[in-house]
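Residue numbering for the sequence shown follows full-length UniProt numbering, beginning at 1 and increasing consecutively.
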Amino acid sequence: MDNYTVFLNIINLIFVVNIAFAIIVIIFEKRNTSNTWTWLMIMLFIPFIGFIMYLFFGQNLRRKKFFVLKKEEESVLMQFSEEQKRLLSDKAIVNNNSLLKEYHDVINLNLYSDNFIVTNNNKVDILNNGNEKFPIMIDCIKNAKNFIHIQYYIFNDDNLGTEILNLLVEKAKEGIEVKLLYDGMGCIHNKKHFFDPLVKAGGEVYCFFPPFIPYINVRINYRNHRKICVVDGEHGFVGGLNVGDEYLGLSKKFGFWRDTHLHLQGDSVNYLEVRFLMDWRFASKKDFFMEERYFPRKSYIDNTAVQIISSGPDSEWCSIRNTYLKLISKAENSIYIETPYFIPDESILTALKIACLSGVDVKIIIPCKPDHPFIYWASKSYIWELVECGAKCYTYDNGFIHSKMVSVDGKMCTIGTANMDIRSFNLNFEVNAIIYGTITTSEVDKAFESDILQSTLLTPEHYSNRSLIIKFKEAISRLLSPIL
C-alpha cells in the first residue's frame, strides 16, 4: 500500500469519525434546529478543527445543575414563594398597586417558573454611566460594617480595578468579610496574582469556571456575565457596568461609555444576595448555610416594586428571555430597547415585528461601532428586518452604548446584565431587575430619549444603499449568529 493510499484512508477515517461525533454529540443534545445545523456545517466543512471548536464553544450545559440550595434554605424560600402565590391568587398583594395588578401575569411567569419573588419595599436609583455608579458604590464599600460581596464578569487590573481592590483589601484588614467572585473568561488577561493582596488580607477570592490551563478552557462558551455588589445587605448594585477604566469613558477606542446600572435599597437586595451566594457556593465548592446576618430586616424605604430574576444554561426555563418576550407581547403603546448586541431568537424577533405591525412605537438603540465585529454585523442584519416593519432603530454616536434595558408603555422596565441576544438567553449566566413603577420607568425613558438625540436614525434608504461588502458581512455574520 503506497503512502498516498494510506493518506486517503486516514482522511476517510477522520471524516467518518467526524460525522459520527457530529451526529452523536450535537443531535442527541437536543439543541434548537438553527444551532444544530450551524455546528453540523462547521464540523462537516472543517473536519477535526470543527470538532475542536465544538469542544471549546459548543458544549451544551443546559439544565446541568450547578447551583443548589440546602433543604433548610429551599424550605424558607419556598415558604416565601408559596405565600406570595397565595397572596397573588387572593389579589391581596396587588390591590394597592395598580401596576402590579396590570402586570400580575409577568410576576406570575417568574414566580411560578423559578420562584422569583416580587418585593414592594424598595428605593431604586438609576445610574447612567460609570461616573455616576462608581463613586456611590465606592462610598458604600468604604462605609461597610459587616460584609462586602462583589461579583463581576470583568474586573480589570487597571487604575479603577486597582483602586477598588485596594479598598477591599483595607476593609478586609479591618475585619470586614469580603468575598470577590470573577469570571475565568472575563478576567483572562489580568495579571496572574492580581487578587492575591485581598486573599493575604483575609478576603476570599474565587474564579467562576477557571481555565484548567492558562488561556485554555473547554467551558469558554459559558460565562458568568452577572455584575452584583451587595454591601451589608443594605445596598445592592446590578446592571451593565463591569470594573475597569473603559467603563469610566477612558478608552481611546470607545470614548464615552453609556451604560445603565441600578443602586437598590430595600427587600430586593436580599434576592441579589441569594443569587450571589448560590454562585459563590458553586465557585468556591464550600459547604455553608446562607446565614441570617446576610439578610438584615429592612425598615420601610420606598414603595417601588422590584423582582430580581436570573437565568443561565443550568436553568430549566430561559427566565430573562421569557420576560422580554412577555413584555414585548404585552406592550400596547411603546417598547424602548437599548442593547449593545441585538441577535434575537425567532420568538423575540417575531414578537417585535408583530408589535410594529400592530402600531406599537418600537424604538431600539444599538452601538454605531463594533467591539465584536461579527456580532455588530449580525445585529445590523436583524435591525434591518425591524426597520422594514416600521420600527425606529438608531445607532448611538456619542461613544459606545452598553446599556441593557427594555421599557414598556412607560410603566415598567427591566435593567440588568442580559443583552438582547441568543448568548444571553442560552449561554451566559445573567441577572436582571424588573421594576414595576411609572416614576422609575419615566426616568429610564428620559435617558433613552436623550440617547436618541445623540444617535442616527437608520432609514430604509440606508438599507437600500448598503454596499456589496456590507451585505456580505451581514450575511456571513447572521449565518454564524446562533453560535456567536
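Ideal Cβ positions, reconstructed from N, Cα and C, are used throughout, including at glycine.
Proximity below 9 angstroms, CB of residue i to CB of residue j
i: residue 121; j: residue 249; result: no
i: residue 400; j: residue 256; result: yes
i: residue 368; j: residue 341; result: no
i: residue 124; j: residue 263; result: yes
i: residue 152; j: residue 181; result: yes
i: residue 176; j: residue 147; result: yes
i: residue 193; j: residue 277; result: no
i: residue 100; j: residue 283; result: no
i: residue 394; j: residue 364; result: yes
i: residue 362; j: residue 379; result: no
i: residue 485; j: residue 238; result: No statement about residue 485 is possible, as the shown extent of the chain runs from 1 to 484 and does not include it.
i: residue 422; j: residue 345; result: yes
i: residue 429; j: residue 314; result: yes
i: residue 307; j: residue 138; result: no
i: residue 481; j: residue 343; result: yes
i: residue 157; j: residue 330; result: no
i: residue 109; j: residue 270; result: no
i: residue 279; j: residue 298; result: no
i: residue 273; j: residue 230; result: yes
i: residue 225; j: residue 407; result: no
i: residue 477; j: residue 377; result: yes
i: residue 498; j: residue 173; result: Lying before the first or after the last residue shown, residue 498 is absent from the chain, which here runs from 1 to 484.
i: residue 463; j: residue 387; result: yes
i: residue 222; j: residue 312; result: yes
i: residue 261; j: residue 227; result: yes
i: residue 183; j: residue 310; result: no
i: residue 112; j: residue 133; result: no
i: residue 332; j: residue 360; result: yes
i: residue 447; j: residue 128; result: yes
i: residue 381; j: residue 474; result: yes
Residue(s) in a DSSP beta bridge with residue i
i: residue 413; result: 407 and 435
i: residue 183; result: 208
i: residue 315; result: BP columns for residue 315 are empty, so no partner.
i: residue 134; result: Partner(s): none; residue 134 has no beta bridge.
i: residue 119; result: 306
i: residue 430; result: 311
i: residue 224; result: 429
i: residue 155; result: 243
i: residue 450; result: According to DSSP, which records beta bridges pairwise, residue 450 is partnered with nothing at all.
i: residue 401; result: 258
i: residue 251; result: 255
i: residue 343; result: 421
Beta strand (DSSP E) segment containing residue i, residue limits
i: residue 235; result: 235-239
i: residue 208; result: 204-208
i: residue 475; result: Taken as a continuous stretch (DSSP letters only), residue 475 belongs to no beta strand (DSSP E), being part of the alpha helix (DSSP H) at 468-480.
i: residue 338; result: 334-338
i: residue 363; result: 361-367
i: residue 147; result: 147-152
i: residue 129; result: 122-129
i: residue 305; result: 305-311
i: residue 392; result: 392-396
i: residue 458; result: 455-458
Cβ distance (whole Å) where residue i is taken to contact residue j below 8 angstroms
i: residue 383; j: residue 412; result: So it is not a contact: roughly 24 angstroms between Cβ atoms.
i: residue 432; j: residue 320; result: 5 angstroms
i: residue 402; j: residue 240; result: 5 angstroms
i: residue 160; j: residue 245; result: 5 angstroms
i: residue 247; j: residue 259; result: 7 angstroms
i: residue 405; j: residue 338; result: 5 angstroms
i: residue 505; j: residue 420; result: Lying outside 1 to 484, the shown extent of the chain, residue 505 is not represented and no answer is given.
i: residue 141; j: residue 167; result: 6 angstroms
i: residue 292; j: residue 265; result: So it is not a contact: roughly 19 angstroms between Cβ atoms.
i: residue 164; j: residue 243; result: 6 angstroms
Residue range of the unbroken alpha helix (DSSP H) whose run includes residue i
i: residue 388; result: 373-389
i: residue 323; result: 319-330
i: residue 347; result: 346-357
i: residue 164; result: 159-173
i: residue 176; result: No alpha helix (DSSP H) holds residue 176; DSSP gives it neither H nor E.
i: residue 106; result: 104-114
i: residue 422; result: 422-426
i: residue 230; result: That residue, residue 230, is in no alpha helix (DSSP H); its beta strand (DSSP E) goes 228-231.
i: residue 191; result: Note, residue 191: premise wrong, no alpha helix (DSSP H); not H, not E.
(message) As an exercise, report each continuous alpha helix (DSSP H) stretch of at least 4 residues that is fully enclosed by the region 254-303, in chain order.
(response) 268-284
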